[in-house]
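Chains as they are written, first to last, in the working numbering: chain L, 828 to 1157; chain Z, -11 to 337; chain X, 2 to 515; chain E, 10 to 328. Below: one structure, written as C-alpha cells.
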Ligand SMILES: Nc1ncnc2c1ncn2[C@@H]1O[C@H](COP(=O)(O)OP(=O)(O)OP(=O)(O)O)[C@@H](O)[C@H]1O
Ligand SMILES: Nc1ncnc2c1ncn2[C@@H]1O[C@H](COP(=O)(O)OP(=O)(O)OP(=O)(O)O)[C@@H](O)[C@H]1O
Ligand SMILES: [Mg+2]
Ligand SMILES: [Mg+2]
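Below you can see the structure in the form of C-alpha cells.
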C-alpha cells in the first residue's frame, strides 16, 4: 500500500539498494539484460529509489575478464542485492560469492549451487518455446518451419527443444529446419540462414540468436515489402519484438514472441530480499505457471483456433499433463 | 637535449597530450574531466585490490605484445596473435583440468601445452609464407576466425556439451591464496612473473644469441642472409612459431590464472589485437613492450571504474589510449619540437 | 660565351654536417662540364640542389642570367633542367613510356593517351638513336637501356640543361662509348651538360672543363685540354695517386678452383653458363672479362652455391663442392664480394659491426654454443674498419645504410679478405667508387694473391681487368671463348673477343705487334 | 535442395554478403597503391555504420526512402574525416602506418559507441525504418535460370559496389591520377623527381579509402544489420583487408576475393541442407570459408607482391 511506501521514503537508512551487472551483451541488448534492468527500475520506482549508490544501478561488462571486477565494484559500493545476468557470469559469481559472504547475489539463467548467498534464477524458456512451436505448426501453410539458434549450448538448446516438441505435437509431420549461426552478433549470417530457410519453403522462423536474429527480421521484412501477401513470419525471442517486425504502418512480420519475464522475476526476488527473505542457496525456476515465461500478444496475427490450441497446451503444461523436453533429443 | 632524454620525453608528452584531449572530449560531452580522471586513477591505484587487478590485466598484454613485437622484429606481421592466444588458452585449460599431477609437473606442462598450441597455430602461416610466399596477414586473419570456432567446438566436446570447461586443478593453477589475500581477493596470479621472464627471454634471444642475429638479418634482408649462408625459409617459420608460442602463453595466463578455465567465445578476446598496439607502443623492444603493456593494461582496467564512479562511459579510455598511440607514433614531430627547444636553450647559454 | 647555369657560393647542410660549403659552378652553353670529387665529396648534393630536391642554406643560382629559386623538381623542369640520377629513378614495374610521361601525361578525355606518348618516345629515341622499346617493362631491360630511359625522360620534357650523376658507374664499356656519343650529339643539338663521373678517362674524352670539389669545398675549375688525369686526381684527392697499380710477377702454384664443363640455367630455365671450363691457381688473379649478361652472375652463383648446377663439376682444393649449401662452400674456403652490395652484400639496417660479422657470427670466437659475444664482434669490426679505412658517422654502431657506397664496399672487402679465403671472388668490386678507393681495393686484391691465395675477378671494365689480373678469361655467351695474358693483348682485341669473335691468329699477331 | 536451388541461393547471398567488403577493400587498394598501409579499415567501417544509422534514425521522417542514400553520403564524410587522422599521422608526421591503423580502429569503435551512448544513452540503437531494399531488375530478371541467379532480389548497393570496382580499375590503370598513384606507391622519390606531389597523392588516396570504407560500413548497417551496436561491425574490416591482399592489390581482384568470401560463407550456410554434406560435423562447415581461402591462396593464388614503398613514410633525400 501507499502508506507503507511513504514510510519507507522517510527512513532512508533501511532503504534497500539493488544493482546488476550485464554480460557482454550490454544493458540494452533487447534481451535479458534489458529486461532485468527494467525490473530493477520498476522496483526502484516503487520504493522511491534514486539511480546511483544507495539506490539502483547497473554496470556493463565489455569483456569476460570484467565480470569479477564489476561484481566486486558493486559489492564495494555496498548494494544490498546484486543481479548477475547471464550464464556467462557463472564462474565470476561462484568466485566472488566465496570471497564476499555478506554479499547477496542473484544469477539469472544459470545455477550456482550450494552457496548460501547466491540465488539462482532459471526460466523454463522451453515451455514458452513449446507454445511457439504449437503456434508455428498451426499457422504454417507450407508445412515447413524454421529455427535459428545463436550459439549451440544448453540455454539456446532449451528454446530449440521446446519449439520442436510443440510443433511436432501440433502437427506430427511438420518439417522443421534448424540451423545455428554460431554467433550472437553476425547479422549477415543470420540473414543468409533466414534467406535459405524461406527459399526452401519455410514460412515461419523462430530465432533465439540475439543480434544475429536482426538478419532474420531484415530478410522477412524484405520479402514482405516486395510482395505484401508473401507468407513469411518471424517469432521473436526474450521480449516482444513486435517493433522490430514493422514493415510499414499496416504490415508486420512478427507472429508472436517468446517472452522471458526476467523483469518480473528480478522485481520479485528484489522484493523478497527487501523483506529479509532472500532465497539464498535456492534455485528458483520461472515457467508458464508463474507467468515467468509466455507468448507475446500476437495482435491478431494468428487464427482463433491457434489461440485456442496454444491456450490448451499452456494449461496442459501447467497441469503437468505435458512435460516439455529441456534439451534437444530428450 | 640528449637522445635519452628525448626518448623518455616523447612518450611522456604523448600521454599528457592524450589525456588532455580526452579531458576536452569529456568536457564537451558534459562530464567533469577531473571526476573522470580521479575515477580512472582510483580504478588503477585506489587500493591493493585494484592494483592487483591492474597487474592481472597487464599480464596477458605483455605476452600478446611480445608476440607481435617478435614477429615485427623478424620482418613478419603477425595479426593472428588473437587466434594463437585462443588456442593456447584452450590447450592450457584442457591440460589443467584433464590430468592430475604434482604441481611441479602439472603447471609447467600446462604452460608448455599453451606455448605449443600457439606455436602450432602460427606454424601454418609461417610454413605457407616460407614455402609458397603466401601473405601471412590473410592467413593469420583467417586463422583467427577458425580458432574461435574450433575452440568453441572443442570446449563443447571437453565439457560434454557445456558452455565452459571445468576449472583447472589447483596443481595447474597460477593463482595463489597468498596473492589474493594480499590484494583483498583480486585475481592477481603468478603469471606476471612468467611474463617478466618472457620479456627477458625475448631480449636475450634477439640481442644475445646466434639465432636472434639470424632472425633479425632475415627480417631485414632475405637476399643478403641467403648469401651469408642462412636458411631463410627455416628462419621465417621459426620466427612465426616463436611468436605464436608467446601468444599461446598469453592464453595460458587466462586459462591458469584469470579464469582457470575457458568458456565458449562469442567474439574475439581483443587481447591479440591490442597486442599490436602494445608492441608498437613499446617500439617492438621487449622492455618497451613491458612498459606498453603496463600503460595499456592500467588504463583499460582503470577505465572500468569510470562508469560506476563518475558515470562516464569506458569508451573514453579507449579514445585516450588511441590518441596516445597516435602521438607516440608521430613522435617525429615531437622530437623535432624538442630539438628546436633544446637548441634555443643552448644558444641562450 | 654566356653561362646557362651559375651556382654561386652554394652551401648545403645536413644537420651539423656541411655537404657543400660555398661551392661555385658555372656551366657554359653547349659545353660538357665535368664535376669531379671523391665519394661523399658533395657532388650529388650539389646537383640535387640545382634540381630542386634540396634547398641550399646559402648561395644564389642563376639560369640563363636570371636569378631563380628552384623550390622543387617542377621548377627545375620548367627551367629546362633535367637530371639523370645516380640511383635510377625508374618505377620497375612500369613500361618505358609510363616512366617517361609520369607527371606530364598526355590525355584524351581523361584517359592517358599511351599510344601517342609511345610514338613520341619512339621518335625521340630514334632521333638520338637510343633504341629503347617504348612498351618494354623497366624490370626486363638492361641497365644500359634503363640509363637511356633516364635520358629520354629529360629530353621528353624538353630539357636543354642535362645533369648526369655517375651515369657510367654501372655501364659496360660498349654502353659507355655509346653514351659518350649520345652526349656529343646532345651538345650538337645545342644542349649543355654537367657530368659527374669518377672515371678520368671519360672526363678527358668528352668534357670541356672540369670543376673539382673535395670534402664539400670547391677546389677550382680547369680546362680539360690544359690538364691531365694525374693533375685532376691530385686536385681531387689532395695527394699523389697511382693508376696502374704496380705489382710483382705472379708465381701460380697448385690449382685452387677447378671448373669442368659447367652448365647453369637462369630462373627462366634458359642455360646461361654452357659447359664452361676454368681453373684458378693459388697466387694468381684470373679476371673474367665480358659484356654484362654473358653468364657472369650465374657462374658466380653456381660457384658459391646460390644457384643449382645443371651439370658439370666444381672442385675447390681438390674437393668437390658442386651444389653444396652456400655455408659449406664458404667454410671450405671461398670468399665472395657480391656484385650488388646493397642487395646481397649487406644488411643495410644493421649496425656496421653486425655486418662485418655476417659470415662469422655463428663461429668461435664470436659465438659460443648459440650465444653471440657482441663485444668480440665490435672488437673485430673496429679492427677491420681501422685497417680498411671505412669512414662512417658512429663507427661500428653507425647504421650501414648511411655509409657511402664506397665505404660500404670497403667494409665488405675487409670482411671477406680478413677471413683469408683460399679463393676470393670479387664481382665488380669498384663499381661507383672514386679513384682513391679503387686504387685501395686493387691493392688489397693483389696482396691476397701475393699471399698465395687465388682471386677470381669479374669486371666489365677493361682497364680494371687489364691492370689487376694475371690472366684474363673472356666469357662470351656462357663459355670461356679465350684466355689471354694482359701483357700480350690489347683492349680492342679483348673487345672483339667479348663480342664473340674467337680469333686465335689475331691474338698471336697482336702479340707480335707489341 | 536441388543443385539449381543451391545456386539460386548461393549466388545472390554471396553477392549481398560481398558488397560491403568490395567497397572497403577497394578503399584499401587505393591507400596501399599509394604506399600507405591501412589496417584502420575496420575503424572506418564502424564509423561509417554508426554515422549512417544515427543519421537514418534522425532524418527518416523527413527524407523518407531517400534516407539510406543520404546516409551513405554522411557515412562517406565521416569516413573521410576519420581517415584524415591516419593521413596526417602517417603522411605528414611520418608515423608508423601500422600503428596509426591500429589506433584508428580503437578510436573508430570507441568514438562511435561513445557517441551513440551520448545520444541515445544506451550502447545500441533501435532498428531503422528506412532500409536499402531489394528489387528485381526488369526484363533481365525474366531470363531463365540466369535471371533468378543474378537479377532477382538485387540490392542497389551491390550494383554500386560493382560499379565502384570497375571505376576504380579505370582510374588506377587508365588515368594520369592512377599512374601517379601507383608510382608514388612503388618509388616515391622517382615520382617526386618527376614533379608528382607525393604527400598530396597519399592524402587523396587515404581519403578515398575513408570514403569507400565509410560507405562500406553504411551499406552493411543499412542493408543488413538495420541498427548499430558495438558488435555490428566485427571483423568485416579485416576481411576487407584480406580481400585486398587476396586480390593482389587490384580493384577487380579485390572484388573477386570478396565474392569468393561471400560464396564460401554462403556455402557453409547452405551446406547443412545439401545431401552428404549435411552429414559432416558442423564445425567443418563453420570454418569452411576461412579454410577455403587459405587453400585458395596456397593452391593457385600464390605469391602476391605489395607495392614496393607500401608502409614506408617518404622523406625527401633519404635513401
Ligand atoms: N640525405 C643526407 N642526409 C645527411 N647527410 C647527407 C645526405 N646526403 C649526403 N649527405 C652528406 O653529404 C656528403 C656528400 O654526399 P654526396 O652524395 O653529395 O656525395 P657524392 O659526392 O655524390 O659522393 P659519390 O661520388 O659517392 O656520389 C656525404 O658525405 C654525406 O655525409
Ligand atoms: N639519407 C642519408 N643519411 C645519412 N647520410 C647519407 C644519406 N644519404 C647519403 N648519405 C651520405 O652521403 C655520402 C655519400 O653518399 P653517396 O650516395 O654519394 O655515396 P655513393 O658512394 O655514391 O653511394 P653509391 O655508391 O651507392 O652511389 C655517404 O657517406 C653517406 O654518409
Ligand atoms: Mg653521388
Ligand atoms: Mg657513387
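Ideal Cβ placement from N, Cα and C applies to all residues, glycine included.
Can we count residue i as close to ligand 1, meaning its CB is less than 6 Å from some heavy atom?
i	result
residue 20 of chain X	yes
residue 42 of chain X	yes
residue 461 of chain X	no
residue 15 of chain X	yes
residue 396 of chain X	no
residue 544 of chain X	Shown here, chain X extends from 2 to 515; a query on residue 544 of chain X therefore has no answer.
residue 53 of chain Z	no
residue 104 of chain X	no
residue 38 of chain X	yes
What's the gap between the Cα of residue i and the Cα of residue j?
i	j	result
residue 941 of chain L	residue 929 of chain L	15 Å
residue 298 of chain E	residue 286 of chain E	15 Å
residue 187 of chain X	residue 207 of chain E	31 Å
residue 198 of chain X	residue 173 of chain X	14 Å
residue 127 of chain X	residue 85 of chain X	19 Å
residue 466 of chain X	residue 245 of chain X	11 Å
residue 221 of chain Z	residue 308 of chain X	16 Å
residue 1152 of chain L	residue 995 of chain L	12 Å
residue 1088 of chain L	residue 1094 of chain L	10 Å
residue 838 of chain L	residue 900 of chain L	A caution first: residue 838 of chain L carries a pLDDT of 39, below 50, which makes its placement in the model unreliable, though a value can still be read off. About 26 Å.
residue 1158 of chain L	residue 1028 of chain L	Because chain L spans 828 through 1157 in this model, residue 1158 of chain L falls outside it and cannot be assessed.
Along chain X, which residues have their Cβ under 8 Å away from the Cβ of residue i?
i	result
residue 208 of chain Z	348, 349, 350, 351
residue 198 of chain Z	362, 363, 368, 371, 372, 373
residue 223 of chain Z	Those do not exist, as residue 223 of chain Z stays about 13 Å from chain X at its closest Cβ, beyond 8 Å.
For a contact defined as C-beta to C-beta under 9 Å, what are the partners of residue i on chain L?
i	result
residue 131 of chain E	853, 854, 855, 861
residue 246 of chain Z	891, 892, 895
With hydrogens ignored, establish whether the beta-carbon of residue i is closer than 6 Å to any heavy atom of ligand 3.
i	result
residue 45 of chain X	yes
residue 87 of chain X	yes
Name, please, each residue of chain Z whose Cβ falls closer than 9 Å to the Cβ of residue i.
i	result
residue 323 of chain E	Within 9 Å Cβ-Cβ: nothing; residue 323 of chain E doesn't reach chain Z, min ~13 Å.
residue 326 of chain X	217, 219
At which residues does the beta strand (DSSP E) containing residue i begin and terminate?
i	result
residue 100 of chain X	Not the beta strand (DSSP E): residue 100 of chain X falls in the alpha helix (DSSP H), residues 97 to 102.
residue 254 of chain Z	That residue, residue 254 of chain Z, is in no beta strand (DSSP E); it is neither H nor E in DSSP.
residue 166 of chain X	162 to 166
Just to make sure I have the definition right: I need the residues of chain E whose C-beta is within less than 9 Å of the C-beta of residue i. Which are they?
i	result
residue 791 of chain L	Absent from the model: residue 791 of chain L. The displayed extent of chain L is 828 to 1157, so no value can be given.
residue 1027 of chain L	10, 14, 18, 282
In the DSSP assignment, the alpha helix (DSSP H) including residue i goes from what residue to what residue?
i	result
residue 172 of chain Z	Neither: residue 172 of chain Z is in no alpha helix (DSSP H) and is coded neither H nor E.
residue 859 of chain L	859 to 873
Kindly list, in the order they appear in chain L, the residues whose Cβ is closer than 8 Å to that of residue i.
i	result
residue 20 of chain Z	In chain order: nothing, as chain L lies at least about 15 Å away.
Cβ closer than 7 Å: which chain Z residues qualify as neighbours of residue i?
i	result
residue 255 of chain E	126
residue 980 of chain L	151, 252
Residues of chain X with a CB under 7 Å from the CB of residue i: which are they?
i	result
residue 185 of chain E	106, 108, 113
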